[in-house]
Structures are given as structure tokens and as C-alpha cells.
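A.B. asks: If you read the protein sequences in the order shown, they are chains A and B. Residue 464 in this note's numbering is what sits at position 463 of the first sequence, and the numbering runs on without skipping anything. Residue 247 in this note's numbering is what sits at position 246 of the second sequence, and the numbering runs on without skipping anything.
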Amino acid sequence: MKPMLRDAIRPLGNPAVIGTLVVLVVVGAILAPPLKSGPSGLTFALTSSYSSGNFLFTGFAFDTAGAPVSRVLVSLNFSLANGSGATIGSTHGVTSSDGFVRLNWSAPMGEYGVQGTLTPVGGVTSSFGAPIVAAPANVTTRVLGVVYLVQTGQFLVVPQLLVSFENANGSVPVGLQLVYSLNDTAPWTYLATVTSDPQLFHVSFSNLPPGQQIYIELVNGPTVIETFVALGLNFTPESGAVTPAGSALLGAVEDLSLFVPLAAIFVGYTAYGRERLTGALEPVLALPISRSRLFVQRMVGALIAVVIGTAAATLVFAALLALRAGISFPSLVWIGLWGTVVAVSVVFVALAFLMAHLLRSSGTLLGAGLTIVLVGSVLWGLITTLIGTPLGVFNSSNASSTVWQAWVGLLNPITVCQSIVSYSMLAASPPGAIAVIPTVSPAIVWVVVLALWVALPIAAGLVIAEKRD
Amino acid sequence: MLEFAGLTKQYDPGQTPAIADVTFSLSPGEVVGLVGLNGAGKSTTLRVAAGVILPTSGHVAVDGRDIVEAKSQASELLGWVPEAPVHDATSRIGPLLSYYAELCPKVPPARPIELLETWGLGAFATRKYRTLSLGQRMRFAIACAELQDPRYYLLDEVFNGIDAEGIHAIRRWIASRQEAGSAVLLSSHQLGEVQQLADRVVFLHQGKVVSIRSREQIASVGSAALLLTLDRVDAAVLELLKTFGSVSVRGNQLRVAGSRLDPAAINAALVQGGRRVLRLEPEEAELESYFLELVKESA
Chain A
2 MKPMLRDAIR
12 PLGNPAVIGT
22 LVVLVVVGAI
32 LAPPLKSGPS
42 GLTFALTSSY
52 SSGNFLFTGF
62 AFDTAGAPVS
72 RVLVSLNFSL
82 ANGSGATIGS
92 THGVTSSDGF
102 VRLNWSAPMG
112 EYGVQGTLTP
122 VGGVTSSFGA
132 PIVAAPANVT
142 TRVLGVVYLV
152 QTGQFLVVPQ
162 LLVSFENANG
172 SVPVGLQLVY
182 SLNDTAPWTY
192 LATVTSDPQL
202 FHVSFSNLPP
212 GQQIYIELVN
222 GPTVIETFVA
232 LGLNFTPESG
242 AVTPAGSALL
252 GAVEDLSLFV
262 PLAAIFVGYT
272 AYGRERLTGA
282 LEPVLALPIS
292 RSRLFVQRMV
302 GALIAVVIGT
312 AAATLVFAAL
322 LALRAGISFP
332 SLVWIGLWGT
342 VVAVSVVFVA
352 LAFLMAHLLR
362 SSGTLLGAGL
372 TIVLVGSVLW
382 GLITTLIGTP
392 LGVFNSSNAS
402 STVWQAWVGL
412 LNPITVCQSI
422 VSYSMLAASP
432 PGAIAVIPTV
442 SPAIVWVVVL
452 ALWVALPIAA
462 GLVIAEKRD
Chain B
2 MLEFAGLTKQ
12 YDPGQTPAIA
22 DVTFSLSPGE
32 VVGLVGLNGA
42 GKSTTLRVAA
52 GVILPTSGHV
62 AVDGRDIVEA
72 KSQASELLGW
82 VPEAPVHDAT
92 SRIGPLLSYY
102 AELCPKVPPA
112 RPIELLETWG
122 LGAFATRKYR
132 TLSLGQRMRF
142 AIACAELQDP
152 RYYLLDEVFN
162 GIDAEGIHAI
172 RRWIASRQEA
182 GSAVLLSSHQ
192 LGEVQQLADR
202 VVFLHQGKVV
212 SIRSREQIAS
222 VGSAALLLTL
232 DRVDAAVLEL
242 LKTFGSVSVR
252 GNQLRVAGSR
262 LDPAAINAAL
272 VQGGRRVLRL
282 EPEEAELESY
292 FLELVKESA
């Protein structure tokens, strides 16, 4: 164990590694573009879904022209109430470049009403709420799609509504119908027939007056089984609750796709590549240790360094952000961020180890690593567009091009890592509930691909180390 | 026994092998010199034997343990000093040697400190490797090779960059290792050192073993030239000396060159010819010129 710990300490002592981590932390926490203040016309759509014990709140921020608004910190304080009205928790998030913000919250299965406030930094706090409606004895509503839209005096499009049902005995009341109305009287509009799967419905409304309610009933022919939710679209912008501007968590997270692979390349280079390419590994090889064991030992050492180094960087980052923005994110956010950083790092450490056996000098290894990172993070979209357009597989207005890009993304370790992050964030979301992730491949595909991106360089490096020296 | 059997190393396909079919062996307690011109394949031979590069074909067996197939076991018996030692430049040599020791299953924890003291590096234990002088680096490399107190030493140009005191210390150390029963394969350009230390010499030329000579044979072939100072120099003396080798004159000093010079026979011939020999000593042997003559003779 001792040699492995020494192998772990060596990369941590590398000024390049430390420097990269410091840059990551400083740039992310202090120098990253500050969050935009919420413009007066900012609009949020917030949906929630529920699966396997997790609520996923998905917000979408867009301006009055309907364009996504990125890098806006929203503070979501909410309560999940089961009748007692007790506040269960609150969370924060930052809208990504596509305008979406996703916030996970765990809660046991049950019937909930959701009430809370949504605050863009520098913007106007909006409150929302859904009254809790007691379920009849024979039907338990399990998932309620709670959709809230806020705009100055006007309701907007309700993008989606996710519902599923089960009876008290656990069976699904297949065949019952859903109808909705803008008031609790006729005419009722047929929405769908209940199936055994969670169902996603797209219901569009426009030009609804303020204070409009939407009623959804579960019916069996003329018999009303339940008016299971009345969407209280009674948003009332509150006056002047302006939160202080903070730094961008997600801005830094986006920077991770550039800095973490670079740091990982440095770690792999320091842990193995530099000595391998300068000949400094030869005195070690002259000792009673096999090439493969040395390779694995250095790899484990590098991963220990990654875990320790990134944990420290994440802690410092969290502290800096808290000091600067006065925002304390839930620990799960940081653990998820840290896990993502480790996952990305493993891929690039493995690539650095492999390149140490394929290339002839330190300069070419670092150059190749930098090229991979730049191509994968900065130029990838441009490259796939330039290749895909003449091939006819890429068309910005065609949904299939997203699928094509998703498949091509399997070739890019950075894309793979980003997708893993997205999947981890959306783990609680039923298939199809969130349209951001292309449905070309389920999460397991990306996990397998990530595993391959880790395993293949390691396996190839091991074989080459053992047989070609 | 350290056995080299048909050892061949070709770095790149299509290129001439660095070494080809190298075959010889060392027994415990023996010092064997490995000499040859630059690029003859000496370092490659030692690097393959040390296990730091893989042979293209052939085998190196260390007491029957193949350096490729049973590397860990074979390496326990080997200590390698490279020609130009390269270690992690940013590491401090004390912890670095301890790290090496931890990779060796049979090395006690105190051994690295002992060795640093032995080689005069105790005060430099906290210094980074890159700050060491050439001589200190070589001494550190020897300390590394000695970690396991191995049965076989592979020393590659171990006198390079070492001052006179250091050379003397290394010479004594090699002798002590030999007395302790270890075998030493000594690659060196410094033929004088090889002559002093080696029981046998393996001559490499263009990657192939061209000759293997014992100490006695070395004595007869070891000096490439003799320097003589006579009371007077004339044509008769020159004619006499030409029977032993090529002669060049500088004042009353003469230089007789040849691959099979016998100082005693030359001295006797001069005395019989009525000359007073004021000085007769072997010229410092230059391996390359000496070896070129040997190669010419072999051809």
C-alpha cells in the first residue's frame, strides 16, 4: 500500500496539477461570468415529475421573446405537503445554456401538493402552489404533474403533465379516462385513457387570464372517480424580493469539461507518462516488479490522487462560492459534482497512461492531450456539424440530427462524461419526461460507453506495456 | 549464473538490430568486462538483462529465472546501474530510494538510509534528484543497484563523471562485491579499469560478440602502445622496434604500437642491443583505437 500512496502523492505535488485545480476553483468560483440578474420579463416554467422516490423539478427560463436564458441562478423554496403543510425542503439551481434548470429532491411516494417560491437572482420572486386534494379511498394518485408558469399577468403554455395512478391495492386503474377543464364545470375535454405506464401529456393553453384554474378529473364514463388535482395557477408576482448576485455554479460546472480533463491529463502524465517518456521509469522497472503491476499500481495511485485532489478542490470551491454568493448548496449537489469530476478524470488519466506508451516524448503527450480536450469540449459541435451536414445526417431543424449527434458523441469521451452527468441529474425522470436528453440510448448505454472509455485505454496500455517495450 | 543466450534486440522493424545473437555467461564471484565501440550494443545488452527493455529474441536467465517470463523473481537478483541514470527529477532522493526499497520485498526499511550514508549522500537525502551533480547521480544509481544486495550487478559506464576519489571508491566497491560472491558485468570505455577488475572481457562489435578473452589474454592484448625513453635513438633502434609494432619518434621518446606488445621482450631486445632504457611504460590504452586494431585483426 505504501508505494501506491507515494504514487498518489507524486501527482498531487505537481505544480501543473495544483495549478490546474487552482485555476478551476478560482475561475469557477470567482472569475466565472457572474449570474445574470433576472430580467423583468423573465419567465419560468416549472414542472415536476416523480419516480422511484425522487422528485425532479425542471424549470425552463426564457425571456419575453421565448429565447432560453442561461446562467440564471434560481432559488426554489418549496414544500411538499401531505396534508400537514410542513415544509420538506428547498433547493437551488442554475439554468444551463439551454435555459433548463433541474433540481432533484427525494421524498417517499405519496400524494403531495407543492408550494413554494421561485426566485431568479436579481429578479422577482414568484410563488406558486397546488392545493392538496384528498384522494378517494379506492384510488391513490401517485404522481402529479405540477405545472406552473408565471408571467406578468399572463399564463403561458403548460408544456407537459405527467401522471400515473394506482389503486389502494397497488393495481393500476387501466381504462379510466382523464378529462380536464378550465373550470370545474362542463365542457370537459378528453385528455387520455390511463395505461399501466406513467403517462406524459402535452397540453397547451394560451392567453389564459390571471387566476385561471385547471381541473383534471379521473373518470369512468359519467362517473367521476376523483378530481385529483386542481392546478392553482394563481401566481402572483411578489414585490421586490431581490437576492444578491452570486457566482455561477453551473458556469464552473461547464468549465469542468475543459479543466478537469486537462487536470486529469496532467495527473496521468505526472503519475506515469513523464517518467515513462524521460526514462525515469527504467530504474523502477529494474526492480522486482512486473510492467503490468507497475502500470496498475501507478494507475491506482493516480486515481487516489484524483479523488483526494478533486475532493479538496470541490470543498474549496463550495466554500468560496458560499462566501462570495452567500449561497449554500445542498451537500448532494457537491457530492454529485465531485463524483462527476472523478468519473471524467478517470477517463483522461487512462488516456494519458495509454498515450505514454504510444508516443515518444512528453511534449507530444501533453500536446495530444490538449488537442483531445479542445476537440472534445470546444470544437466537437462544429466538427459534427461540418461532417454531418454534407452527409445529410445533420439538420438543425431535424430531430434525427440530435440522435445522430448523440451516437457520434459516443466517440468523444467528453461528450460521454457530460451525458453521464446529465443522466445522473435526470435519474429520477421517467423516460420521455424530459426532452433534453436524446432518447437514442438509455442511460445504461452511456454508462457502458463510459466504462469502455475507461477500460479500453487501460487494457491497451497494459498489453502494450507488457509486450512492446 | 547469469546467462545470455542468443540475445537479439531490434528497436525498430527494418533497422539493423542493436545486438544480435549475444551469447555469454557470468558466474557468481566473477567480474566480466563488456567493451566495444560506441553503438556496439553494450548498453542495450545491459538494459535487456536488467529487464527495462524487452528482447526481440533470445533469453537472459538469472539463476534459471527468465528476465521476461519471471521478471520479478529474476530482478530480485539483479542490480543495474545505467550509463546515464535518470530518475524522477522532482523527487527527493531519500524518499525516492525508500520508494524503490518498498517495491523490493526483501529490503529492510533501514537499508536506503544506510546506502545513502555509504555513498556519501546522507546529507543530500532531502535534495531533489535534479539538483545532484553528475557524480552524485552516479553514486545514487549505485545505491539503487545495491538495494537488494543482488547476486549480479550490471554496471554501465559506472566511472563516467566520477572524480579520482570516486573512481577509487567504486573500484574498491566492485572488488568487495566480487569478494562477497557477487558477479559483475562491467561495461566501460576505460580499458584500464576493465583490465584491473575483469576476469574476462566480452568484446562487442556492431551488436555481435567478436571475442571473449580471459584476464591473462587481456594482459597480452591490453596495452595498445608502449612509451619508451632511451639514452639515444638511431636507425638501428628503430629497425629493432619495428619488429614489435609501428614506431613513432618524438626526440628521444618513442611510441611502439601494436596489439600484441610484450614489454619484457622489447626491454630485453633493447638491452641486448646496447641501449639504456630510461623509461618503459604502457601508454594509457584507448579502447577505440585498441579495439579497431582488434577488429582489423579479426577481419
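Just so you know, even glycine gets a beta-carbon here, dropped at the ideal spot from N, CA and C. Being a predicted model, the structure only gives us computed values, none of them experimental.
Using a Cβ-Cβ cutoff of 7 Å, what residues of the region 142-160 of chain B are near chain A? List them in chain order.
C.D. replies: 145
A.B. asks: Could you tell me whether the Cβ atoms of residue 3 of chain B and residue 153 of chain B are closer together than 8 Å?
C.D. replies: yes
A.B. asks: Can you find a CB in chain A that lies within less than 8 Å of the CB of residue 111 of chain B?
C.D. replies: no
A.B. asks: Within a Cβ cutoff of 6 Å, which residues of the same chain sit near residue 9 of chain A, ignoring the five residues on either side of it in sequence?
C.D. replies: Counting only Cβ-Cβ distances below 6 Å, and skipping sequence neighbours, we find 302, 305 and 306.
A.B. asks: Which residues in chain B have a C-beta closer than 8 Å to the C-beta of residue 291 of chain A? List them in chain order.
C.D. replies: 72 and 73
A.B. asks: So the alpha helix (DSSP H) residue 140 of chain B belongs to, where does it begin and stop?
C.D. replies: 135-147
A.B. asks: So if DSSP puts residue 5 of chain B in a beta bridge, which residue, or which two residues, is it bridged to?
C.D. replies: B:25 and B:61
A.B. asks: In terms of residue numbering, what span does the alpha helix (DSSP H) encompassing residue 173 of chain B cover?
C.D. replies: Start and end: 165-180.
A.B. asks: Cβ of residue 273 of chain A less than 8 Å from any chain B Cβ?
C.D. replies: Residue 273 of chain A is outside the set of residues whose beta carbon lies under 8 Å from a beta carbon in chain B.
A.B. asks: Going along the chain, which residues of the region 114-137 of chain B sit with their C-beta nearer than 7 Å to a C-beta in chain A?
C.D. replies: none
A.B. asks: List, in order along the chain, the chain B residues whose C-beta lies closer than 9 Å to that of residue 269 of chain A?
C.D. replies: Per Cβ cutoff of 9 Å: no residues; residue 269 of chain A is ~15 Å from chain B at best.
A.B. asks: Checking 8 Å against the spacing of the C-beta atoms, do residue 41 of chain B and residue 273 of chain B come in under that value?
C.D. replies: no
A.B. asks: Of the choices A:315, A:272 and A:260, whose alpha-carbon is the least far from that of residue 355 of chain A?
C.D. replies: The shortest Cα separation from residue 355 of chain A among A:315, A:272 and A:260 belongs to A:272.
A.B. asks: Between which two residues does the beta strand (DSSP E) holding residue 87 of chain B run?
C.D. replies: First-last for residue 87 of chain B: undefined, no H or E at that position.
A.B. asks: If you draw a straight line from the alpha carbon of residue 369 of chain A to that of residue 45 of chain B, how long is it in whole angstroms?
C.D. replies: 30 Å
A.B. asks: Just the chain A side, please: which residues come within less than 7 Å of residue 89 of chain B by C-beta, in chain order?
C.D. replies: 276 and 281
A.B. asks: Report whether the distance from the Cβ of residue 123 of chain B to the nearest heavy atom of the ligand SAH is below 7 Å.
C.D. replies: What this structure holds is no ligand at all, so the ligand SAH is not there to describe.
A.B. asks: So residue 69 of chain B packs on residue 280 of chain A, CB below 8 Å; how close in whole Å?
C.D. replies: Incorrect: roughly 20 Å between the Cβ atoms, too far for contact.
A.B. asks: Which chain B residues sit within Cβ distance under 7 Å of residue 288 of chain A?
C.D. replies: For residue 288 of chain A, the residues of chain B that pass the 7 Å Cβ criterion are 76, 101, 104 and 105, in the order they occur in the chain.
A.B. asks: Let me check one thing: in DSSP terms, what residues is residue 361 of chain A bridge-paired to?
C.D. replies: Its beta-bridge partners do not exist; DSSP assigns none.
A.B. asks: For the alpha helix (DSSP H) containing residue 131 of chain B, list its first residue and its last residue.
C.D. replies: Counting along the chain, residue 131 of chain B falls outside any alpha helix (DSSP H), and DSSP gives it neither H nor E.
A.B. asks: Taking the C-alpha atoms as reference points, what is the distance between residue 106 of chain B and residue 320 of chain A?
C.D. replies: 44 Å
A.B. asks: State the start and end residues of the unbroken alpha helix (DSSP H) segment that holds residue 187 of chain B.
C.D. replies: Looking at the DSSP string, residue 187 of chain B is not in any alpha helix (DSSP H); the run it does join, the beta strand (DSSP E), is 184-188.
A.B. asks: Does residue 284 of chain A have its Cβ less than 8 Å from a Cβ in chain B?
C.D. replies: yes
A.B. asks: Please classify residue 230 of chain B: does DSSP put it in a helix, a strand, or coil?
C.D. replies: strand
A.B. asks: If you draw a straight line from the C-alpha of residue 51 of chain B to the C-alpha of residue 157 of chain B, how long is it?
C.D. replies: 11 Å
A.B. asks: Pop quiz: residue 1 of chain A and residue 373 of chain A are said to be a contact at Cβ under 8 Å. What is the actual Cβ separation, rounded to whole angstroms?
C.D. replies: Not covered by the structure: residue 1 of chain A. The range shown for chain A is 2 to 470.
A.B. asks: For the beta strand (DSSP E) containing residue 213 of chain B, name the first residue and the last one.
C.D. replies: 209-215
A.B. asks: How would you label residue 56 of chain B, buried or exposed, when you count the other beta carbons within 10 angstroms and need 16 or more for buried?
C.D. replies: It counts as buried.
A.B. asks: Which one or two residues does DSSP pair with residue 100 of chain B in a beta bridge?
C.D. replies: Bridge partners of residue 100 of chain B: none, in fact.
A.B. asks: From residue 269 of chain B to residue 277 of chain B, what does the alpha carbon distance come to, in whole angstroms?
C.D. replies: Taking the Cα positions, residue 269 of chain B is about 11 Å away from residue 277 of chain B.
A.B. asks: I need the straight-line Cα distance from residue 294 of chain A to residue 113 of chain B, nearest angstrom please.
C.D. replies: Distance between the alpha carbons of residue 294 of chain A and residue 113 of chain B: 23 Å.
A.B. asks: Can you tell me the Cα-Cα spacing of residue 142 of chain B and residue 82 of chain B, whole angstroms?
C.D. replies: Cα to Cα, the separation comes out at about 6 Å.
A.B. asks: Between residue 299 of chain A and chain B, is there a C-beta pair that is closer than 8 Å?
C.D. replies: no
A.B. asks: Do residue 285 of chain A and residue 315 of chain A have their C-beta atoms within less than 8 Å of each other?
C.D. replies: no
A.B. asks: Less than 8 Å separating the beta-carbons of residue 191 of chain A and residue 175 of chain A?
C.D. replies: no
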